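For reference, the structure is listed below as structure tokens.
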């Protein structure tokens with residue numbers, strides 16, 4: 001799973017209450033951390049129980065290829 005914060009329509013506004021920020025820290029630069037599948041399942045379980053916030057990513061319909069990302073990109077594999 002790839003989480004591209006640069007294409008998120010609520011980036012900046014919802015970052016403080018997003019699981020990406022909680023687990024990986026503030027977004028910035030050209031970060032490309034990876035999260036294993038079994039960890040993604042654990043994060044989903046924690047979010048479902050209210051222990052961490054859910055992923056707040058709201059992807060834009062189709063970003064322009066020329067558009068520069070606003071924030072970091074996170075890879076969960």
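Numbering (the working numbering), first residue to last: 1 to 77. All residues carry an ideal CB built from backbone N, CA and C; glycine is no exception. All values reported here derive from a predicted model rather than from experimental measurement.
With distances taken between CB atoms, is the gap from residue i to residue j smaller than 9 Å?
i          : j          : result
residue 52 : residue 10 : no
residue 79 : residue 15 : There is no way to answer for residue 79, as the model of the chain reaches only from 1 to 77.
With 16 other CB atoms within 10 Å as the buried threshold, where does residue i fall?
i          : result
residue 49 : exposed
Quick one: residues in its chain with C-beta nearer than 7 Å to the C-beta of residue i, no 5 flanking neighbours on either side, listed in chain order?
i          : result
residue 19 : 43, 47, 52, 53, 54 and 55
Give a yes or no on whether 9 Å exceeds the smallest Cβ distance from residue i to chain C.
i          : result
residue 49 : Protein chain content of the structure displayed is limited to a single chain, and chain C is not contained in it.
Take residue i and list the residues in its own chain whose beta-carbon comes closer than 6 Å to its own, dropping the five residues that flank it on each side.
i          : result
residue 39 : none
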